Amino acid sequence: MTNTSETTTVEMKWSDINWKLVNRAVFRLQKRIYKASLNGDTKTVRKLQKLLVKSKSAKLLAVRKVTQDNRGKNIPGMDGIAKIAQKIQLDGKAKPIRRIEIPQSSKQEKRPLGIPIMEDLAKQVLAKIALEPEWEAKFEANFYGFRPGRSAKDAIAAIYSDIKRRSYYVLDAEIEKCFDQINHRRLLDKLNTYPAMRRQIKVWLKAGVIEKDVFYKTENGTAKGGVISPLLANIALHGMEEALQEVFSQKYTTYEIQPNINFNPPLFHRYADNFVILHESKKVIEECQEIINDYLENIGLKLKDSTTRVAHTLGDGKVQTGFDYLGFNIRQYPVKDINSATDGNGKKLGFKTLIKPAKEAIKRHTRVLKHTIRLYRNAPQEKLIEMLTPKIREWCNYYDSVVSSRVFAKMDNILFHQLLRWGYYRGPTQGKKHIVNKYWGVDKGKGWKFITPDGKVLRNHKDTPIKRAIRLQEKKSLFDEDWVYWR
0 MTNTSETTTV
10 EMKWSDINWK
20 LVNRAVFRLQ
30 KRIYKASLNG
40 DTKTVRKLQK
50 LLVKSKSAKL
60 LAVRKVTQDN
70 RGKNIPGMDG
80 IAKIAQKIQL
90 DGKAKPIRRI
100 EIPQSSKQEK
110 RPLGIPIMED
120 LAKQVLAKIA
130 LEPEWEAKFE
140 ANFYGFRPGR
150 SAKDAIAAIY
160 SDIKRRSYYV
170 LDAEIEKCFD
180 QINHRRLLDK
190 LNTYPAMRRQ
200 IKVWLKAGVI
210 EKDVFYKTEN
220 GTAKGGVISP
230 LLANIALHGM
240 EEALQEVFSQ
250 KYTTYEIQPN
260 INFNPPLFHR
270 YADNFVILHE
280 SKKVIEECQE
290 IINDYLENIG
300 LKLKDSTTRV
310 AHTLGDGKVQ
320 TGFDYLGFNI
330 RQYPVKDINS
340 ATDGNGKKLG
350 FKTLIKPAKE
360 AIKRHTRVLK
370 HTIRLYRNAP
380 QEKLIEMLTP
390 KIREWCNYYD
400 SVVSSRVFAK
410 MDNILFHQLL
420 RWGYYRGPTQ
430 GKKHIVNKYW
440 GVDKGKGWKF
450 ITPDGKVLRN
460 HKDTPIKRAI
470 RLQEKKSLFD
480 EDWVYWR
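Just so we're aligned: the sequence shown equals residues 0 to 486 in numbering that gives the first Met the number 0.
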(Lines of atoms letter the chains of each structure in order from A and count residues from 1; the text may use other names and numbers.)
(Lines give C-alpha, C1' and ligand atoms only; values in the text may rest on other atoms or scores of the structure.)
Protein backbone atom coordinates (compact mmCIF):
# COMPACT_ATOMS: atom_id res chain seq x y z
CA MET A 1 0.00 0.00 0.00
CA THR A 2 1.29 3.45 -0.88
CA ASN A 3 1.91 5.77 2.03
CA THR A 4 -0.75 8.50 2.07
CA SER A 5 1.61 11.33 2.96
CA GLU A 6 4.00 10.33 0.16
CA THR A 7 1.13 10.20 -2.35
CA THR A 8 -0.01 13.63 -1.25
CA THR A 9 3.49 15.03 -1.71
CA VAL A 10 3.89 13.52 -5.18
CA GLU A 11 0.49 14.67 -6.40
CA MET A 12 0.74 18.13 -4.89
CA LYS A 13 0.68 20.84 -7.54
CA TRP A 14 3.31 23.52 -7.11
CA SER A 15 0.74 26.23 -7.81
CA ASP A 16 -1.52 24.91 -5.03
CA ILE A 17 1.04 25.25 -2.23
CA ASN A 18 0.06 27.73 0.47
CA TRP A 19 3.35 29.59 0.78
CA LYS A 20 2.11 31.68 3.68
CA LEU A 21 1.69 28.51 5.76
CA VAL A 22 5.03 27.13 4.54
CA ASN A 23 6.89 30.29 5.58
CA ARG A 24 5.08 30.39 8.90
CA ALA A 25 5.98 26.77 9.71
CA VAL A 26 9.66 27.33 8.87
CA PHE A 27 9.89 30.61 10.78
CA ARG A 28 8.27 29.07 13.85
CA LEU A 29 11.12 26.56 14.12
CA GLN A 30 13.76 29.16 13.26
CA LYS A 31 12.48 31.40 16.04
CA ARG A 32 12.77 28.53 18.55
CA ILE A 33 16.33 27.79 17.36
CA TYR A 34 17.25 31.46 17.78
CA LYS A 35 15.87 31.63 21.32
CA ALA A 36 17.54 28.36 22.34
CA SER A 37 20.85 29.62 20.96
CA LEU A 38 20.47 32.91 22.86
CA ASN A 39 19.99 30.89 26.04
CA GLY A 40 23.02 28.69 25.33
CA ASP A 41 20.82 25.58 25.04
CA THR A 42 22.87 23.70 22.43
CA LYS A 43 20.97 20.43 22.90
CA THR A 44 17.66 22.06 21.96
CA VAL A 45 19.29 23.93 19.06
CA ARG A 46 20.54 20.67 17.53
CA LYS A 47 17.22 18.90 18.07
CA LEU A 48 15.28 21.68 16.35
CA GLN A 49 17.77 21.96 13.48
CA LYS A 50 17.44 18.24 12.73
CA LEU A 51 13.66 18.60 12.79
CA LEU A 52 13.79 21.61 10.47
CA VAL A 53 16.00 20.09 7.76
CA LYS A 54 13.67 17.07 7.57
CA SER A 55 10.47 19.10 7.38
CA LYS A 56 8.53 19.26 4.12
CA SER A 57 7.97 23.00 4.53
CA ALA A 58 11.70 23.74 4.78
CA LYS A 59 12.43 21.61 1.70
CA LEU A 60 9.71 23.33 -0.32
CA LEU A 61 10.97 26.75 0.74
CA ALA A 62 14.58 25.82 -0.08
CA VAL A 63 13.63 24.80 -3.62
CA ARG A 64 11.51 27.88 -4.12
CA LYS A 65 14.39 30.16 -3.10
CA VAL A 66 16.65 28.73 -5.83
CA THR A 67 13.97 28.74 -8.52
CA GLN A 68 11.16 31.28 -8.42
CA ASP A 69 12.90 33.66 -6.01
CA ASN A 70 16.08 33.81 -8.14
CA ARG A 71 15.47 35.24 -11.58
CA GLY A 72 17.98 34.45 -14.24
CA LYS A 73 18.71 30.90 -13.09
CA ASN A 74 17.97 27.99 -15.41
CA ILE A 75 15.08 26.12 -13.84
CA PRO A 76 13.39 22.88 -14.89
CA GLY A 77 9.65 22.47 -15.39
CA MET A 78 7.38 22.53 -12.39
CA ASP A 79 7.36 18.72 -12.22
CA GLY A 80 11.14 18.77 -11.92
CA ILE A 81 10.95 21.33 -9.15
CA ALA A 82 8.44 19.23 -7.20
CA LYS A 83 10.67 16.17 -7.48
CA ILE A 84 13.69 18.08 -6.17
CA ALA A 85 11.63 19.29 -3.20
CA GLN A 86 10.70 15.70 -2.34
CA LYS A 87 14.16 14.20 -2.44
CA ILE A 88 16.57 16.84 -1.13
CA GLN A 89 18.27 15.90 2.11
CA LEU A 90 21.60 16.48 3.79
CA ASP A 91 23.04 13.17 2.63
CA GLY A 92 26.74 14.04 2.76
CA LYS A 93 26.99 14.24 -1.04
CA ALA A 94 27.91 17.09 -3.37
CA LYS A 95 28.98 17.60 -6.96
CA PRO A 96 31.86 19.82 -8.11
CA ILE A 97 31.09 23.49 -8.63
CA ARG A 98 31.59 25.07 -12.04
CA ARG A 99 33.73 28.19 -11.60
CA ILE A 100 33.99 31.25 -13.80
CA GLU A 101 36.08 34.40 -13.38
CA ILE A 102 34.16 37.67 -13.13
CA PRO A 103 35.73 41.15 -13.28
CA GLN A 104 35.53 43.32 -10.16
CA SER A 105 34.16 46.81 -10.56
CA SER A 106 36.92 49.43 -10.77
CA LYS A 107 39.63 46.77 -10.40
CA GLN A 108 41.90 44.97 -12.85
CA GLU A 109 41.74 41.59 -11.11
CA LYS A 110 38.92 39.08 -11.32
CA ARG A 111 37.07 37.12 -8.66
CA PRO A 112 36.06 33.47 -8.97
CA LEU A 113 32.32 32.78 -8.94
CA GLY A 114 31.12 29.25 -8.24
CA ILE A 115 27.94 27.94 -9.84
CA PRO A 116 26.57 24.87 -8.02
CA ILE A 117 23.91 22.67 -9.62
CA MET A 118 20.32 23.31 -8.56
CA GLU A 119 19.94 20.32 -6.24
CA ASP A 120 23.07 21.31 -4.32
CA LEU A 121 21.85 24.90 -4.18
CA ALA A 122 18.57 23.74 -2.65
CA LYS A 123 20.46 21.61 -0.11
CA GLN A 124 22.61 24.61 0.78
CA VAL A 125 19.53 26.76 1.33
CA LEU A 126 18.10 24.00 3.54
CA ALA A 127 21.28 23.95 5.65
CA LYS A 128 21.32 27.75 5.81
CA ILE A 129 17.69 27.84 6.98
CA ALA A 130 18.72 25.67 9.94
CA LEU A 131 22.09 27.27 10.78
CA GLU A 132 21.31 30.96 10.32
CA PRO A 133 19.07 31.51 13.39
CA GLU A 134 21.62 29.76 15.64
CA TRP A 135 24.38 32.09 14.48
CA GLU A 136 22.23 35.23 14.42
CA ALA A 137 22.00 34.76 18.18
CA LYS A 138 25.81 34.57 18.42
CA PHE A 139 27.11 37.09 15.88
CA GLU A 140 28.67 40.34 17.03
CA ALA A 141 26.44 43.36 16.69
CA ASN A 142 28.56 45.51 14.40
CA PHE A 143 28.77 43.51 11.24
CA TYR A 144 26.20 43.76 8.52
CA GLY A 145 27.05 41.82 5.36
CA PHE A 146 24.94 38.82 4.31
CA ARG A 147 22.73 38.94 7.40
CA PRO A 148 18.90 39.03 7.43
CA GLY A 149 17.52 42.48 8.15
CA ARG A 150 20.92 44.19 7.75
CA SER A 151 22.45 46.08 4.85
CA ALA A 152 25.25 48.41 3.80
CA LYS A 153 23.00 51.32 4.76
CA ASP A 154 22.90 50.01 8.33
CA ALA A 155 26.70 49.76 8.40
CA ILE A 156 27.01 53.37 7.22
CA ALA A 157 24.37 54.57 9.71
CA ALA A 158 26.32 52.90 12.55
CA ILE A 159 29.60 54.52 11.49
CA TYR A 160 27.93 57.93 11.23
CA SER A 161 26.46 57.48 14.71
CA ASP A 162 29.92 56.70 16.10
CA ILE A 163 31.87 59.53 14.47
CA LYS A 164 29.42 62.44 14.27
CA ARG A 165 30.64 63.92 17.58
CA ARG A 166 34.33 62.92 17.54
CA SER A 167 37.17 62.64 15.04
CA TYR A 168 38.99 59.33 14.67
CA TYR A 169 41.89 57.56 13.08
CA VAL A 170 40.59 54.78 10.85
CA LEU A 171 41.96 51.43 9.79
CA ASP A 172 40.18 50.87 6.47
CA ALA A 173 40.88 47.27 5.51
CA GLU A 174 39.94 44.41 3.21
CA ILE A 175 40.60 40.71 3.77
CA GLU A 176 42.46 39.20 0.83
CA LYS A 177 40.70 36.35 -1.02
CA CYS A 178 38.41 35.79 1.94
CA PHE A 179 36.19 33.19 0.25
CA ASP A 180 39.14 31.37 -1.32
CA GLN A 181 41.55 30.90 1.58
CA ILE A 182 39.53 30.14 4.75
CA ASN A 183 41.02 27.14 6.56
CA HIS A 184 38.47 24.31 6.39
CA ARG A 185 39.40 22.65 9.67
CA ARG A 186 39.26 25.92 11.60
CA LEU A 187 35.89 26.72 10.06
CA LEU A 188 34.39 23.31 10.87
CA ASP A 189 35.70 23.49 14.43
CA LYS A 190 34.11 26.89 14.93
CA LEU A 191 30.86 25.72 13.32
CA ASN A 192 30.70 22.99 15.99
CA THR A 193 27.49 21.52 14.61
CA TYR A 194 25.96 18.03 14.75
CA PRO A 195 27.63 15.20 12.76
CA ALA A 196 25.31 15.03 9.72
CA MET A 197 25.46 18.79 9.17
CA ARG A 198 29.24 18.83 9.67
CA ARG A 199 29.69 16.05 7.10
CA GLN A 200 27.53 17.90 4.58
CA ILE A 201 29.37 21.20 5.06
CA LYS A 202 32.72 19.42 4.81
CA VAL A 203 31.67 17.73 1.55
CA TRP A 204 30.66 21.08 0.06
CA LEU A 205 33.96 22.62 1.10
CA LYS A 206 35.92 19.71 -0.43
CA ALA A 207 33.71 19.20 -3.51
CA GLY A 208 36.21 20.77 -5.89
CA VAL A 209 35.61 23.03 -8.86
CA ILE A 210 35.43 22.62 -12.61
CA GLU A 211 37.12 25.46 -14.46
CA LYS A 212 37.34 25.39 -18.25
CA ASP A 213 36.38 21.68 -18.14
CA VAL A 214 39.28 20.85 -15.78
CA PHE A 215 38.62 19.51 -12.26
CA TYR A 216 40.52 21.02 -9.32
CA LYS A 217 40.45 19.97 -5.67
CA THR A 218 39.57 22.60 -3.06
CA GLU A 219 41.75 22.51 0.03
CA ASN A 220 40.75 25.93 1.42
CA GLY A 221 38.00 28.50 1.12
CA THR A 222 34.27 28.49 0.43
CA ALA A 223 32.89 28.70 -3.09
CA LYS A 224 31.87 32.26 -3.92
CA GLY A 225 28.46 31.78 -5.51
CA GLY A 226 27.31 29.04 -3.17
CA VAL A 227 24.19 29.99 -1.21
CA ILE A 228 25.72 29.02 2.12
CA SER A 229 29.19 30.46 1.45
CA PRO A 230 28.52 33.97 2.86
CA LEU A 231 27.17 32.47 6.09
CA LEU A 232 30.19 30.18 6.42
CA ALA A 233 32.53 33.12 5.80
CA ASN A 234 30.72 35.13 8.48
CA ILE A 235 31.08 32.21 10.91
CA ALA A 236 34.81 31.96 10.15
CA LEU A 237 35.28 35.70 10.76
CA HIS A 238 33.10 35.80 13.87
CA GLY A 239 35.18 36.84 16.86
CA MET A 240 37.28 39.62 15.29
CA GLU A 241 35.66 42.30 17.42
CA GLU A 242 35.95 40.11 20.52
CA ALA A 243 39.67 39.62 19.81
CA LEU A 244 40.12 43.40 19.93
CA GLN A 245 38.06 43.78 23.10
CA GLU A 246 40.16 41.18 24.90
CA VAL A 247 43.20 43.39 24.43
CA PHE A 248 41.49 46.74 24.92
CA SER A 249 39.21 46.45 27.93
CA GLN A 250 37.36 49.32 29.60
CA LYS A 251 39.91 49.28 32.45
CA TYR A 252 42.83 49.96 30.09
CA THR A 253 44.28 53.47 30.55
CA THR A 254 46.40 55.37 28.11
CA TYR A 255 48.60 58.45 28.27
CA GLU A 256 48.83 58.97 24.50
CA ILE A 257 45.37 60.55 24.41
CA GLN A 258 44.78 62.24 27.77
CA PRO A 259 46.44 61.37 31.08
CA ASN A 260 44.54 59.55 33.81
CA ILE A 261 41.30 58.89 31.94
CA ASN A 262 39.65 55.59 31.16
CA PHE A 263 40.55 54.22 27.77
CA ASN A 264 37.80 53.98 25.13
CA PRO A 265 38.10 50.66 23.28
CA PRO A 266 38.34 50.78 19.48
CA LEU A 267 35.12 50.70 17.47
CA PHE A 268 34.76 47.91 14.92
CA HIS A 269 32.43 47.68 11.91
CA ARG A 270 32.49 44.89 9.33
CA TYR A 271 30.62 44.21 6.12
CA ALA A 272 31.59 40.85 4.54
CA ASP A 273 35.37 41.00 3.94
CA ASN A 274 35.64 44.77 4.42
CA PHE A 275 35.94 46.40 7.82
CA VAL A 276 36.90 49.62 9.58
CA ILE A 277 38.33 50.17 13.06
CA LEU A 278 38.00 53.61 14.68
CA HIS A 279 40.00 55.15 17.52
CA GLU A 280 41.38 58.53 18.63
CA SER A 281 44.94 57.20 18.79
CA LYS A 282 46.96 56.25 15.73
CA LYS A 283 49.12 54.01 17.91
CA VAL A 284 46.03 52.04 18.97
CA ILE A 285 44.93 51.70 15.34
CA GLU A 286 48.34 50.28 14.40
CA GLU A 287 48.13 47.83 17.29
CA CYS A 288 44.65 46.82 16.14
CA GLN A 289 46.07 45.98 12.73
CA GLU A 290 48.60 43.64 14.34
CA ILE A 291 45.88 41.94 16.42
CA ILE A 292 43.66 41.43 13.37
CA ASN A 293 46.58 40.09 11.33
CA ASP A 294 47.26 37.48 14.02
CA TYR A 295 43.57 36.57 14.20
CA LEU A 296 43.27 36.15 10.43
CA GLU A 297 46.47 34.13 10.15
CA ASN A 298 44.93 31.57 12.50
CA ILE A 299 42.14 30.89 9.98
CA GLY A 300 44.29 31.02 6.84
CA LEU A 301 43.63 34.64 5.89
CA LYS A 302 45.45 37.97 5.75
CA LEU A 303 44.79 41.63 5.05
CA LYS A 304 45.06 42.88 1.49
CA ASP A 305 47.98 45.31 1.52
CA SER A 306 46.94 47.22 -1.59
CA THR A 307 43.57 48.27 -0.14
CA THR A 308 44.37 48.49 3.58
CA ARG A 309 45.24 51.97 4.82
CA VAL A 310 45.15 54.29 7.83
CA ALA A 311 43.15 57.51 7.48
CA HIS A 312 41.76 60.24 9.71
CA THR A 313 38.16 61.39 9.55
CA LEU A 314 39.02 65.10 9.97
CA GLY A 315 42.66 65.16 8.90
CA ASP A 316 45.88 65.25 10.91
CA GLY A 317 48.16 66.42 8.09
CA LYS A 318 49.99 63.08 7.97
CA VAL A 319 47.54 60.46 6.71
CA GLN A 320 44.69 60.48 4.20
CA THR A 321 41.71 62.62 5.20
CA GLY A 322 38.45 60.70 5.09
CA PHE A 323 37.95 57.24 3.62
CA ASP A 324 35.78 55.30 1.18
CA TYR A 325 33.76 52.37 2.50
CA LEU A 326 31.16 50.28 0.64
CA GLY A 327 30.94 52.91 -2.10
CA PHE A 328 30.48 55.83 0.32
CA ASN A 329 32.93 58.62 1.10
CA ILE A 330 33.04 59.34 4.83
CA ARG A 331 34.75 62.54 5.93
CA GLN A 332 34.61 65.39 8.43
CA TYR A 333 34.98 69.01 7.28
CA PRO A 334 36.08 72.04 9.36
CA VAL A 335 33.17 74.51 9.47
CA LYS A 336 32.13 77.68 11.26
CA ASP A 337 30.14 77.31 14.46
CA ILE A 338 26.84 78.00 12.73
CA ASN A 339 27.19 74.76 10.73
CA SER A 340 29.15 72.79 13.31
CA ALA A 341 28.14 69.54 14.94
CA THR A 342 27.80 69.61 18.73
CA ASP A 343 28.78 67.22 21.49
CA GLY A 344 26.34 65.80 24.03
CA ASN A 345 26.49 69.03 26.05
CA GLY A 346 25.78 71.32 23.10
CA LYS A 347 29.39 72.45 22.68
CA LYS A 348 30.39 73.34 19.11
CA LEU A 349 32.95 70.89 17.71
CA GLY A 350 34.15 72.94 14.73
CA PHE A 351 33.49 70.22 12.16
CA LYS A 352 30.66 68.48 10.37
CA THR A 353 30.49 64.85 9.27
CA LEU A 354 29.31 64.27 5.70
CA ILE A 355 28.76 60.93 4.00
CA LYS A 356 28.34 61.02 0.22
CA PRO A 357 28.59 58.67 -2.77
CA ALA A 358 32.29 57.97 -3.37
CA LYS A 359 33.90 59.45 -6.49
CA GLU A 360 34.68 55.99 -7.85
CA ALA A 361 31.03 54.96 -7.38
CA ILE A 362 29.92 58.04 -9.33
CA LYS A 363 32.36 57.24 -12.15
CA ARG A 364 31.22 53.63 -12.23
CA HIS A 365 27.53 54.60 -12.41
CA THR A 366 28.32 57.13 -15.15
CA ARG A 367 30.01 54.37 -17.17
CA VAL A 368 26.97 52.11 -16.73
CA LEU A 369 24.62 54.82 -18.00
CA LYS A 370 26.84 55.68 -20.98
CA HIS A 371 27.25 52.01 -21.89
CA THR A 372 23.50 51.39 -21.72
CA ILE A 373 22.69 54.43 -23.88
CA ARG A 374 25.33 53.40 -26.42
CA LEU A 375 24.05 49.82 -26.45
CA TYR A 376 20.47 50.94 -27.16
CA ARG A 377 21.20 53.84 -29.49
CA ASN A 378 19.17 52.17 -32.26
CA ALA A 379 16.34 51.07 -29.95
CA PRO A 380 13.04 52.93 -29.52
CA GLN A 381 12.96 55.59 -26.81
CA GLU A 382 10.57 53.43 -24.77
CA LYS A 383 13.07 50.55 -24.73
CA LEU A 384 15.91 52.83 -23.64
CA ILE A 385 13.78 54.15 -20.78
CA GLU A 386 12.94 50.58 -19.80
CA MET A 387 16.64 49.66 -19.59
CA LEU A 388 17.83 52.82 -17.80
CA THR A 389 15.11 53.08 -15.16
CA PRO A 390 16.06 50.08 -12.97
CA LYS A 391 19.75 51.06 -13.07
CA ILE A 392 18.94 54.58 -11.89
CA ARG A 393 16.47 53.35 -9.26
CA GLU A 394 18.89 50.78 -7.81
CA TRP A 395 21.77 53.25 -7.60
CA CYS A 396 19.68 56.01 -6.04
CA ASN A 397 18.06 53.67 -3.52
CA TYR A 398 21.54 52.62 -2.36
CA TYR A 399 22.51 56.25 -1.69
CA ASP A 400 19.19 57.70 -0.53
CA SER A 401 20.18 57.77 3.17
CA VAL A 402 23.24 60.04 2.87
CA VAL A 403 24.13 63.50 1.52
CA SER A 404 23.33 62.75 -2.12
CA SER A 405 21.14 65.60 -3.42
CA ARG A 406 23.94 67.43 -5.25
CA VAL A 407 25.32 64.19 -6.65
CA PHE A 408 21.86 63.19 -7.89
CA ALA A 409 21.52 66.57 -9.63
CA LYS A 410 25.00 66.15 -11.16
CA MET A 411 24.09 62.68 -12.44
CA ASP A 412 20.90 64.05 -14.02
CA ASN A 413 22.97 66.68 -15.84
CA ILE A 414 25.40 64.02 -17.12
CA LEU A 415 22.47 61.83 -18.15
CA PHE A 416 20.81 64.71 -20.01
CA HIS A 417 23.89 65.33 -22.16
CA GLN A 418 24.31 61.62 -22.87
CA LEU A 419 20.66 61.35 -23.92
CA LEU A 420 21.11 64.45 -26.07
CA ARG A 421 23.98 62.68 -27.88
CA TRP A 422 21.66 59.69 -28.29
CA GLY A 423 19.15 62.03 -29.97
CA TYR A 424 21.83 63.55 -32.24
CA TYR A 425 22.86 60.05 -33.33
CA ARG A 426 19.28 59.30 -34.37
CA GLY A 427 18.81 62.65 -36.10
CA PRO A 428 22.25 63.96 -37.11
CA THR A 429 20.81 66.73 -39.28
CA GLN A 430 18.44 68.02 -36.61
CA GLY A 431 19.26 70.83 -34.20
CA LYS A 432 19.27 70.76 -30.41
CA LYS A 433 15.89 72.47 -30.12
CA HIS A 434 14.22 69.89 -32.36
CA ILE A 435 15.85 66.98 -30.48
CA VAL A 436 14.79 68.34 -27.08
CA ASN A 437 11.22 69.00 -28.20
CA LYS A 438 11.00 65.51 -29.68
CA TYR A 439 12.30 63.50 -26.71
CA TRP A 440 11.64 65.74 -23.69
CA GLY A 441 8.43 67.11 -22.27
CA VAL A 442 6.57 68.07 -19.10
CA ASP A 443 5.41 65.11 -17.01
CA LYS A 444 2.06 65.98 -15.41
CA GLY A 445 3.40 69.04 -13.67
CA LYS A 446 6.46 67.17 -12.32
CA GLY A 447 8.93 69.03 -14.48
CA TRP A 448 10.92 68.52 -17.67
CA LYS A 449 11.50 64.82 -18.35
CA PHE A 450 12.79 62.42 -20.99
CA ILE A 451 9.38 61.15 -22.08
CA THR A 452 7.73 59.24 -24.94
CA PRO A 453 4.71 60.61 -26.84
CA ASP A 454 2.46 58.13 -24.97
CA GLY A 455 3.75 59.26 -21.57
CA LYS A 456 6.43 56.74 -20.58
CA VAL A 457 8.89 58.71 -18.42
CA LEU A 458 12.52 58.19 -17.48
CA ARG A 459 13.07 58.50 -13.75
CA ASN A 460 15.47 61.28 -12.72
CA HIS A 461 18.04 60.72 -9.99
CA LYS A 462 16.77 63.72 -8.06
CA ASP A 463 13.28 62.19 -7.95
CA THR A 464 14.60 60.02 -5.11
CA PRO A 465 13.91 61.57 -1.68
CA ILE A 466 16.70 61.58 0.91
CA LYS A 467 15.79 59.83 4.17
CA ARG A 468 18.37 59.36 6.91
CA ALA A 469 18.85 55.75 8.02
CA ILE A 470 18.50 55.05 11.74
CA ARG A 471 21.12 52.92 13.47
CA LEU A 472 19.99 49.39 14.25
CA GLN A 473 19.75 48.40 17.88
CA GLU A 474 22.72 46.12 18.50
CA LYS A 475 20.85 43.06 19.78
CA LYS A 476 17.94 43.13 17.35
CA SER A 477 17.35 40.23 14.96
CA LEU A 478 14.62 39.34 12.50
CA PHE A 479 14.18 36.15 14.49
CA ASP A 480 13.18 38.03 17.67
CA GLU A 481 9.68 38.59 16.22
CA ASP A 482 9.60 42.28 17.12
CA TRP A 483 7.55 43.25 14.09
CA VAL A 484 6.88 46.78 15.38
CA TYR A 485 10.64 47.44 15.33
CA TRP A 486 11.29 45.81 11.95
CA ARG A 487 8.28 47.35 10.20
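Each residue gets a CB set at the ideal place from its N, CA and C atoms; glycine is no exception.
If you're wondering where the values come from, they're calculated on a predicted model, not measured in any experiment.
Check: Would you identify the three-state DSSP class for Pro356, choosing helix, strand or coil?; Outcome: strand
Check: Below 8 Å on the Cβ atoms is my contact criterion, and I expect Ala357 with Gly326 to pass it. Report the Cβ-Cβ distance as a whole number of Å.; Outcome: 5 Å
Check: Within the chosen definition, does the segment 136 to 156 reach the segment 284 to 303 through at least 3 CB pairs nearer than 8 Å?; Outcome: no
Check: Unbroken beta strand (DSSP E) runs of length 3 or more, entirely within the segment 310 to 371: which are they?; Outcome: 322 to 324, 327 to 333, 350 to 356
Check: Using the Cα positions of Lys92 and Trp203, report the straight-line distance between them to the nearest angstrom.; Outcome: 8 Å
Check: DSSP three-state call for Glu173: helix, strand or coil?; Outcome: strand
Check: Can you name the start and end residues of the beta strand (DSSP E) that Tyr270 belongs to?; Outcome: 266 to 270
Check: Taking a contact to mean a Cβ-Cβ separation below 7 Å, would you say Lys42 touches Ala468 in this structure?; Outcome: no
Check: Mind checking which residues open and close the beta strand (DSSP E) that includes Trp439?; Outcome: 439 to 441
Check: Helix, strand or coil for Lys448? Go by DSSP, reduced to three states.; Outcome: strand
Check: Where does His237 sit, in a helix, a strand or coil, going by DSSP?; Outcome: coil
Check: Using 8 Å as the cut-off, can you tell me whether the segment 421 to 439 makes contact with the segment 173 to 180, which would need three or more C-beta pairs spanning the two stretches below that distance?; Outcome: no
Check: Using the Cβ count rule (16 or more neighbours within 10 Å means buried), how would you classify Val441?; Outcome: exposed
Check: Check Val435 in the structure and name its three-state DSSP category.; Outcome: helix
Check: Gln417 to Val401, Cα distance in whole Å?; Outcome: 26 Å
Check: Identify whether Tyr423 lies in helix, strand or coil by the three-state DSSP scheme.; Outcome: helix
Check: Identify, in the order they occur along the chain, each residue of the same chain with its Cβ nearer than 8 Å to the Cβ of Asn338, setting aside the five sequence neighbours on each side.; Outcome: Lys351
Check: Helix, strand or coil: which one does DSSP assign to Tyr168?; Outcome: strand
Check: Please list the segments of the beta strand (DSSP E) lying wholly inside the segment 110 to 167, counting only runs of 3 or more residues, in order along the chain.; Outcome: none
Check: Based on the DSSP secondary-structure assignment, which residues constitute the bridge partners of His278?; Outcome: Tyr168
Check: For Lys474, does the count of other Cβ atoms within 10 angstroms reach 16, so buried, or fall short, so exposed?; Outcome: exposed
Check: CB-CB under 8 Å to Ile155, same chain, minus the five flanking residues each way: which ones, in chain order?; Outcome: Tyr324, Leu325, Phe327, Ile329, Ile354, Ser400, Val401, Ala468
Check: By a C-beta neighbour count over all protein chains shown, 10 Å radius and 16 as the cutoff for buried, is Gly299 buried or exposed?; Outcome: buried
Check: Counting C-beta neighbours from all protein chains within 10 Å, is the total for Leu89 16 or more, i.e. buried, or is it exposed?; Outcome: buried
Check: Between Leu51 and Phe415, what straight-line distance do the alpha-carbon atoms span, to the nearest angstrom?; Outcome: 53 Å
Check: Exposed or buried, Trp394, counting other C-beta atoms within 10 Å across all chains shown (16 or more means buried)?; Outcome: buried
Check: Could you check if Ser248 belongs to the surroundings of the ligand HEM, using beta carbon to heavy atom distance under 6 Å?; Outcome: This structure lacks the ligand HEM; in fact it carries no ligand of any kind.
Check: Specify the secondary structure class of Leu28 as computed by DSSP and reduced to three states.; Outcome: helix
Check: So, is Arg27 buried or exposed, given that buried needs 16 or more other C-beta atoms within 10 angstroms?; Outcome: exposed
Check: Are the CB atoms of Glu118 and Ile83 within a distance shorter than 7 Å?; Outcome: yes
Check: Please look up how many angstroms separate the CB atoms of Tyr167 and Thr341, rounded, as I've assumed it's under 8 Å.; Outcome: The Cβ separation is near 17 Å, so there is no contact.
Check: At the level of alpha carbons, what is the spacing between Gly446 and Ser150?; Outcome: 33 Å
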